[in-house]
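Residues in the sequence shown are numbered from 1 upward in steps of one, following the UniProt record's numbering. No residue lacks a Cβ here, since even glycine has one placed at the ideal position from N, Cα and C. Everything on this sheet refers to the single structure shown next.
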Amino acid sequence: MAVPSVAVEQRSSILSRLSESRNALGFGFMLPAAVLLLVFLTYPLGLGVWLGFTDARIGRPGIFIGIENYQYLWSDSVFWLSVFNTLLYTISASILKFMLGLWLALILNENLPFKSFFRAVVLLPWVVPTVLSAIAFWWIYDSQFSILSWALQQMGLIDHRINFLGDPTNARASVIAANVWRGIPFVAITLLAGLQTIPQSLYEAATLDGASRWQLFRHVTLPLLTPIIAITMTFSVLFTFTDFQLIYVLTRGGPVNATHLMATLSFQRGISGGQLGEGAAIAVAMIPFLLAAILFSYFGLQRRKWQQGGGD
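Here you go:
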């Protein structure tokens with residue numbers, strides 16, 4: 001009877017040591033999240049990579065064909081147009097969101113009356129569902145009933161209605177404007193949170209040394225805000241690069257594929273067109289761009305060494 005007693009004591013001792021171990025406790029907390037990522041992220045990603053090497057269609061599994069899908073995409077002008085559109089859309093929208101978001105964050109960081117109310121209002125474009133925002137912009141850009149064209153006509157700035165979504169150039173500018181409107185609140189509120197962490201004593205010391213407002217921003221605000229900017233813009237770039245709902249509701253990739261992004265083209269080829277393998281290949285082709293954005297952010301964060309007194 002002593003052997004089971006010893007085994008129970010050893011088991012309880014092991015459990016006690018595990019419960020007191022910080023590594024084991026951390027692993028236990030991370031395990032549910034790891035399982036969710038494995039089921040909802042790793043498996044779909046692996047399946048998508050595999051489908052990209054097959055000729056799978058809706059209704060049949062397909063067979064392994066190697067890199068034929070990628071060879072076809074290499075010579076597909078519509079695919080390269082979607083790459084150009086995606087890069088133009090992402091770079092333009094991200095720059096505008098950063099500039100306007102930082103400007104808005106600096107304003108909201110001032111001692112304004114009713115600033116809590118204004119901070120809440122700023123979040124509205126972000127919390128409204130994307131599809132509802134897209135439908136609102138679709139009405140604003142309507143070729144016949146556009147409220148924007150009507151307002152510009154009433155002010156005498158134009159003499160005819162603007163074809164926002166029917167002209168390739170106008171359509172690109174219109175979807176970028178819609179994305180910027182939706183994304184500014186995320187950038188502004190995140191940067192505002194970063195501004196709140198900067199000690200006021202640094203500004204007071206710089207002011208006593210005779211620093212101007214621009215010098216305060218250049219030598220105090222911007223360096224201390226760099227890590228937050230890197231993280232915020234990484235997420236902003238990822239959200240913009242993979243945008244689907246806004247484009248799909250507004251233009252479906254038109255006119256003449258002028259607003260097709262890689263995400264919308266992947267959906268059109270893979271789901272609407274039934275070519276799962278080709279659609280998956282387009283989606284997989286997005287991964288190098290996303291990795292580049294993440295690596296850019298990672299190396300950008302190394303500037304924290306400079307903030308701590310070290311070299312870049």
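Asked                                                                                                               : Found
Continuous beta strand (DSSP E) assignments of at least 3 residues falling wholly in the stretch 89-153             : none
Beta carbon of A281 nearer than 7 Å to that of N23                                                                  : no
Cβ pair A178, F137 closer than 7 Å                                                                                  : yes
Member of L41, L88, R182, H219 whose CA lies at the smallest distance from the CA of V121                           : R182
Sequence-distant residues of the same chain with beta carbon closer than 7 Å to residue 339, five excluded per side : Residue 339 falls outside the range modelled here, since the chain spans only 1 to 312, and no answer is possible.
Test item: CB-CB of G274 and I58 under 7 Å                                                                          : yes
Cα-Cα separation between F114 and F164, rounded to whole angstroms                                                  : 36 Å
Where residue 363 sits in the DSSP three-state scheme                                                               : Any answer about residue 363 is impossible in this case: the structure gives the chain only from 1 up to 312.
As assigned by DSSP and simplified to three states, the class of T190                                               : helix
Member of P227, T130, D243, S174 whose CA lies at the smallest distance from the CA of L148                         : S174
Rounded straight-line distance, which links the Cα of F296 to that of F241                                          : 15 Å
Contact under 7 Å by Cβ, T90 with M262                                                                              : no
Where F244 falls: helix, strand or coil (DSSP)                                                                      : coil
Inter-residue spacing [alpha-carbon to alpha-carbon] between I135 and G270                                          : 25 Å
Pair within 7 Å by beta-carbon distance, V35 and A93                                                                : no
C-beta contact flag for V131 and V249 at 7 Å                                                                        : yes
Beta carbon of P168 nearer than 7 Å to that of A258                                                                 : yes
Nearest residue (CA-CA) to residue 316, options M233, A293, I198, L208                                              : As shown, the chain starts at 1 and ends at 312. That puts residue 316 outside it, with no answer to give.
Given 8 Å, three or more beta-carbon pairs between the stretch 150-157 and the stretch 50-64                        : no
Span of the alpha helix (DSSP H) around Q200                                                                        : 200-208
Short Cβ contact (7 Å threshold) for D55 with G277                                                                  : yes
DSSP-derived helix/strand/coil call for R57                                                                         : strand
C-alpha distance - Q200 paired with F98, whole-angstrom precision                                                   : 24 Å
I294 versus L157: straight-line alpha-carbon distance, rounded                                                      : 43 Å
Segment limits, alpha helix (DSSP H) that includes I282                                                             : 276-284
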